[in-house]
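Each number in the numbering used here corresponds to the 1-based position in the sequence shown with 2 added. Note that beta-carbon positions come from the ideal geometry of N, C-alpha and C, so glycine has one too. No experiment lies behind these values; they were computed from the predicted model shown. The block underneath contains the structure these notes are about, expressed in structure tokens.
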Amino acid sequence: MNVPAVRMNARAPIQPDLTDAELRALAYFAVGVSSEGSKAGRDVSNRLSFAGNIPNGVMMPVGNSGFSIGTLQIDLGQRPAVARSLTDAYQAWATSEHPDWRLSEAQYAQTVRDLSRNGRAITADQGRPLDAMVKQHLDQFLHSGDGIRFVHEHDVNQVNQLMNGIVRNVRQTPLYQQSGLDERAELITMMVKLQNQSDNRWAPRLVRSMTNGEYENVGDVSRAIDGLRAPSGASDYIESGRNHAVSGAHVFNALRRMEDTNPLYDAWRNILDNPLVDPTRLNADMARPNLVAEYATIKTLFLQHGQALDFIDSMERGAGYAYGRPRPEGRGAATAGLYSSGDDFIVWSLDGVGHARINDSWSPIERDDLSRVRNRDGSVDLSIDQNGLAVPLMHADPRAAPLRPTPQRRAEIEYLDHALPLGVRFAYQEPSSEDPMVARVLDDLPHGSVRPADPASHSPVEFLLPQAERAVRQLEQGRGRQYDDQSACMAASVACMAKANGLSQIDHVLLSEARGAMGQGENLFVIQGDPGDPAHRRAVMKAHDAIAMPVEQSVAQLQRLNDGLQGQSPAQALDERAREVGTAPMRLG
């Protein structure tokens with residue numbers, strides 16, 4: 003669709019542009035760390051990766067992908083020169099550190115050939131894998147200081163190529179120039195991810211469409227990415243990669259919008275001083291003595307992008323937050339951890355390495371030294387082992403009064419921001435509900451989406467609404483469904499269910515599995531916390547009841563719950579909701 007120039011030019015840029023440092027941080031952290039160089043929250047940048055499966059030792063590539071390395075996952079099959087330079091770097095390292103691991107001439111030639119294969123070549127080679135011992139030794143090299151530097155040099159080169167190519171081209175489009183800062187960040191992230199994942203196969207075409215005015219907003223670009231491959235009814239690797247990268251962009255935007263009172267503020271500013279700093283030389287920066295801890299903490303937030311937004315918000319307010327198991331519990335394995343109490347926080351990665359910032363002082367921590375006690379009131383006590391004694395480290399209480407309120411200007415924008423579909427965000431600029439930009443954003447919300455009656459006067463409970471909508475969108479996406487009017491009804495019902503059951507936040511929305519007399523998707527669960535954590539809280543109702551209640555009725559009921567819950571018991575609130583839905587009361591699971 004060609005949009006008349008007068009329409010495209012109706013909205014002028016509302017903020018200065020993102021800086022080059024911020025754009026590099028987007029490419030490296032949002033696209034690289036959150037999407038390319040991680041798997042289920044674990045950093046996989048410094049090992050030889052393969053996009054595909056290896057059942058019974060037979061390599062089955064996804065698309066035309068071969069072996070890859072780095073935070074930006076540089077595909078060696080598409081860049082055979084990097085495959086050769088990797089083998090050369092390994093040879094030099096092995097000569098110095100493990101002479102018995104050095105490759106013979108025949109092994110060297112075979113390794114270069116194997117690493118240089120793309121997906122089609124691997125398939126033509128009947129899925130023959132790389133020699134197992136060679137791969138093991140290559141991975142050990144990639145974990146060494148020399149290997150980390152080798153990988154990072156190629157990551158830096160890749161970011162610079164992206165900056166000089168796709169980033170520069172997108173910044174010149176009318177769509178980019180007429181978008182808010184949050185939207186610009188998401189647009190750049192989607193396009194950098196697409197270019198990095200598929201080179202020039204699709205990205206130039208989308209840039210031409212942006213230049214020609216075929217897309218009215220960032221959401222249109224996101225939907226265009228959805229249609230790049232033949233629809234299969236489920237999210238393909240292009241879409242899922244886009245989603246992870248955009249989730250990283252949300253973390254970026256949350257960090258960018260922080261007030262200077264946020265204890266994470268200095269860490270993020272120090273990262274932006276050089277987003278592509280050599281990770282093996284973090285200790286060498288005398289001007290930033292805490293850079294090792296700051297870099298690791300920020301990187302973990304991008305790795306744990308599903309939990310990072312709420313954690314950053316808790317730090318913004320000086321509130322309590324508790325996520326993660328330091329040790330296995332029941333059937334749940336140890337996880338990454340994000341904990342805060344006031345202005346103190348503790349963060350560790352899925353690999354178990356982390357840092358604590360307590361009383362303005364940084365210190366390294368190891369997950370294996372930590373233990374936790376979950377209290378009946380929802381708070382968590384973390385202790386650290388010191389010479390065999392469990393010494394109290396932090397009492398994290400998500401329900402405790404914060405040290406400071408969310409800044410009003412940010413609260414207003416964040417509420418609108420989270421109510422919008424993927425790829426459509428409202429920039430943090432004008433908070434007034436009389437502003438025509440606010441009115442335009444409200445008008446552009448999908449039919450049936452949850453809307454605040456007045457963005458300037460919402461109560462804290464209304465943050466349940468965007469949390470519910472975000473969780474339902476993730477649920478629908480996982481089921482291969484588009485978010486529609488029924489989804490919006492479900493999201494509003496979920497917010498009511500959470501409020502009526504005393505949940506303070508919505509982390510997940512799940513459907514039941516078929517079991518006994520219960521049908522697939524019969525029950526709808528709203529979860530506060532990690533579903534694998536025995537301490538999580540949940541509420542449940544029938545799924546068909548959740549979609550039967552009109553959005554407007556659920557929003558009105560949520561407001562009544564907020565206004566009147568102090569004067570009635572939770573059971574009374576549940577009964578009132580049940581009468582409106584016409585079913586049995588919801589219950590805590």
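- One thing to note: residue 528 has its Cβ no nearer than 8 Å to the Cβ of residue 563.
- Annotated as distal: residue 144 and residue 117, with beta-carbon spacing of 8 Å or more.
- Residue 100 sits exposed, since fewer than 16 C-beta atoms from the chains shown fall within 10 Å of its C-beta.
- Proximity to residue 381 across 240, 531, 35, 142 peaks at 531, based on C-alpha coordinates.
- Of the residues 131, 130, 155, the one whose Cα lies closest to the Cα of residue 72 is 155.
- In this structure, residue 79 places its C-beta atom within 8 Å of the C-beta atom of residue 123.
- Remark: fewer than three beta-carbon pairs, one from each stretch, lie closer than 8 Å, so the segment 181-191 and the segment 306-323 are not flagged as touching.
- The beta carbon of residue 27 sits closer than 8 Å to those of 254, 273, 274, 277, all from its chain and outside the five residues before and after it, given in chain order.
- For residue 159, the enclosing alpha helix (DSSP H) has its first and last residue at 147-164.
- Just so you know, the alpha carbons of residue 347 and residue 322 end up roughly 9 Å apart.
- Nearest in C-alpha terms to residue 329, of all of 344, 402, 353, is 353.
- For residue 249 against residue 308, the beta-carbon gap comes to about 7 Å, under 8 Å, which counts as contact.
- Our two residues, residue 395 and residue 342, have alpha carbons roughly 11 Å apart in a direct line.
- A direct Cα-Cα distance of roughly 19 Å separates residue 148 from residue 83.
- Within its own chain, the residues whose Cβ lies closer than 6 Å to the Cβ of residue 296, once the five positions on either side in sequence are excluded, are 269, 272, listed in chain order.
- With fewer than 16 other Cβ atoms from the protein chains shown falling within 10 Å of its own Cβ, residue 366 counts as exposed.
- Taking all protein chains shown into account, residue 34 has 16 or more neighbouring C-beta atoms within 10 Å of its C-beta and is therefore buried.
- Taking C-alpha positions only, residue 151 is separated from residue 50 by approximately 15 Å.
- When rounded, the separation of the alpha-carbon atoms in residue 109 and residue 96 is 14 Å.
- Around residue 60, the same chain offers 129 as residues with beta carbons nearer than 6 Å, after the five sequence neighbours per side are excluded.
- Residue 480 has its alpha-carbon roughly 18 Å from the corresponding atom of residue 549.
- Taking a C-beta distance under 8 Å as the contact criterion, residue 198 and residue 164 qualify as a contact pair.
- If you draw a 10 Å sphere on the C-beta of residue 393, you find fewer than 16 other C-beta atoms in it, and that means exposed.
- Bounds of the alpha helix (DSSP H) holding residue 313 are 307-319.
- Scanning the segment 237-268 for uninterrupted alpha helix (DSSP H) segments of 4 residues or longer gives 239-258, listed from N- to C-terminal end.
- Scanning 21, 280, 397 for the CA closest to the CA of residue 159 turns up 280.
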